[in-house]
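Start counting at 1 in the first sequence, then tack on 11, and there's your number in this note's numbering.
All C-beta atoms, glycine included, are put in the ideal place defined by N, C-alpha and C.
The structure presented is a predicted model; accordingly, all values stated were derived computationally and were not measured.
Here's the structure, in structure tokens; my notes come after.
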Amino acid sequence: MRTRFPPSPTGFLHVGGLRTALYSWLLAKKSGDHFILRIEDTDQERSVPGAVESIVRSLAWAGLHADEGVMLESDHIVQRGSKGPYIQSERLPLYKKYADELLKSGHAYHCFCTSKRLEQMREEQMKAKKAPMYDRLCLSLPEDEVKRRIKAGEPYVLRMKIPREEVITFDDDIRGPLAFQGSVIDDQILLKSDGFPTYHLAHVVDDHLMDIDLVMRGEEWLSSLPKHLLLFQYLGWKTPRYAHVPLLLNKDKTKLSKRQGSVAVEEYIAKGYLPEALLNFLALLGWNPGTTQEIFTLEELKDQFSLERVQNAGAIFDVEKLDWFQGQWIRRLSPEEFAARIQPIVAGKFPSAKSDPGFTEKATLIQDRLTFLPEAADMLSFFYEEPDVGKDLLVSEKQKVTTELLPTILKHLTDTLDAIPGKDWSMTTIQTKLDQLLVSGSLKKGQLLWPLRVALTGKPYSPGAYETAAALGKTKTLERLRRVL
RNA sequence: GGCCUCAUCGUCUAACGGUUAGGACAGCAGGUUCUCAUCCUGCAAAUCGGGGUUCGAUUCCCCGUGGGGCUGCCA
């Protein structure tokens, strides 16, 4: 099944867009067919430079690569595939051609009405509590007048002539049977006065010419579906399947918007979310496998995803659940994978981490403790710079470590650890030796381990004392212990 | 306003017309623990309302109600 994702280059990739792209990608990949990326830049005013790059990068981060269409090759936008161009602004003659066809077959007509007139008309219609619709003033224009006005250089648009007496029905892959009364559908503009097509014409032409089997898009397009169905019919083309995906919602159930949180995939990348987590979360927002499985790899999604199990109702984007997925995925990574993901981040702050042979061992210590990747640098800082150990942190009321007791404790620690031969320095040995000390002495575990951990890390929270000492090595461990004495 | 559409715990959701209405997140209460996390156990929490159809409706139909989307020479 050939599917496509057609963003407008008006900014970054929206998380709702990412979900739609994911579902489309899944369907194409499941059937072993192509997933196409097309750029819909028919609104020149809203196009933003760099937006295409940003969108393609976000998709690449998520692992959703296009088989055809617009892609990034060594940081340059290229188009690949036999159905191109895949950028709408490069397809203008095509739209013109089919618009002319519609004109000839009587399904479209020229309209010279100014924006000002249209605005006034709408205002009056609203006042009269009627649905705002084009009043078809230009529909009855004599042919020679149309010709004359075009020749005179008067700006015009091309409108679609909607059959007002028809009822248009359709079976949506997610929604099921749908029906629309022609009498309430407006004569949609197909070609704007600047010669660019509107979405309605462009999408129909492209999806037909690009052999798209299934058009997946957000629910906000449902109302304009009949216009698209009519266009396919008038052009004599086979209508593709359509699947209208429910919307992603804010906490107050309105359409997910920037105002109420992050909507840009870029922002989630910057915050340090794993692509696996975002994708997993998005997949389950509106779709369910019918089992209690919650954690899915992209591979598993590919096997199990189906449109029949996509929800009809909109879903609130709950960041707390996303964060849970993030935690799950952080912990699910192999130690090597986890280390590889955080190493560039840590090395950004502590360059020596880049070539640290013990990096994976250190990384493992924080894998259960970290939620967002950027936290790693701070969590591992004590391995790469000498911690500033506050006396007040070394004492702890809860652990019964008093100022008076502290020197004794530190002495015990230093003596015991120093007695371990360098070649035997490991977490198990350290633990065994310190446990022996606990048994023979009168100190409680917390009284011994709290000061040790704080002396080594300088932090109120950190990985455990044994594993930190082991990872730090004997020399550094003793150095730091002696330094706080 | 008109049109389209949707409706199960706070949230994401499951349930051939027959279940004590299940799971997950969040919440709360415990447990493990040297800190923070992780992890484990438990608790609380829902079928929007009214009619119908049926022996029996969360499930099917109708009407309300509520929400959302669209109503641009935006997509």
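If you keep only unbroken beta strand (DSSP E) runs of at least 3 residues inside the stretch 213–238, you get 225–229. Annotation for Glu84: the continuous beta strand (DSSP E) segment containing it runs Glu79 to Glu84. Straight-line measurement puts the Cα of Gly272 at about 20 Å from the Cα of Ala62. Listed as beta-bridge partners of Tyr120 by DSSP are Arg170. By the CB criterion at 8 Å, Val26 and Leu246 fall outside the cutoff. When Asp389, Leu416 and Trp335 are compared, the shortest CA-CA separation from Tyr472 is found for Asp389.
The C-alpha of Met137 is placed about 12 Å away from the C-alpha of Tyr145. Leaving aside the five residues that flank Gln315 on each side, the residues in its chain whose CB is nearer than 6 Å to its CB run, in chain order, Pro300. Residue range Ile200 to Leu202 is occupied by the beta strand (DSSP E) that includes Leu201. For Gln136, the enclosing alpha helix (DSSP H) covers residues Ser126 to Lys138.
Taking a C-beta distance under 8 Å as the contact criterion, Ala466 and Leu492 qualify as a contact pair.
Runs of the alpha helix (DSSP H) lying entirely within the stretch 262–288 and spanning at least 4 residues, in chain order: 276–282.
Spanning the alpha carbons of Phe393 and Leu483 requires a straight line of approximately 9 Å. At a Cβ-Cβ threshold of 8 Å, Thr31 and Val256 count as neighbours.
Taking C-beta separations shorter than 8 Å and ignoring five residues to either side along the sequence, the partners of Ile420 in its chain run Val412, Leu454, Gln458, Leu459 and Pro462, following chain order.
Taking Val195 as reference, the option from Lys172, His211, Val168 and His219 with the minimal CA-CA separation is Lys172. It is roughly 25 Å from the alpha-carbon of Val67 to the alpha-carbon of Ser317. Assignment of Ser35 by DSSP, reduced to helix, strand and coil, places it in the helix class.
Leaving aside the five residues that flank Glu177 on each side, the residues in its chain whose CB is nearer than 8 Å to its CB run, in chain order, Gly193.
In this chain, the alpha helix (DSSP H) harbouring Leu405 covers Lys402 to Leu405. Fewer than three pairs of CB atoms, one per stretch, sit closer than 8 Å, so the stretch 175–191 makes no contact with the stretch 210–220. Here the alpha carbon of Leu416 sits roughly 16 Å from the alpha carbon of Asp426. By the C-beta density criterion, Asp198 is buried, having at least 16 other C-beta atoms within 10 angstroms. Only residues of its own chain outside the window of five on either side were considered, and among them Leu33, Phe307 and Leu312 have a CB closer than 7 Å to the CB of Ala294, listed in chain order.
Gly28 is the residue among Pro17, Ser19, Gly28 and Pro20 whose C-alpha sits nearest the C-alpha of Leu290.
Between Leu150 and Tyr120, the C-beta gap is smaller than 8 Å, which places the two residues in contact. C-alpha of Glu231 to C-alpha of Pro96: approximately 27 Å in a straight line.
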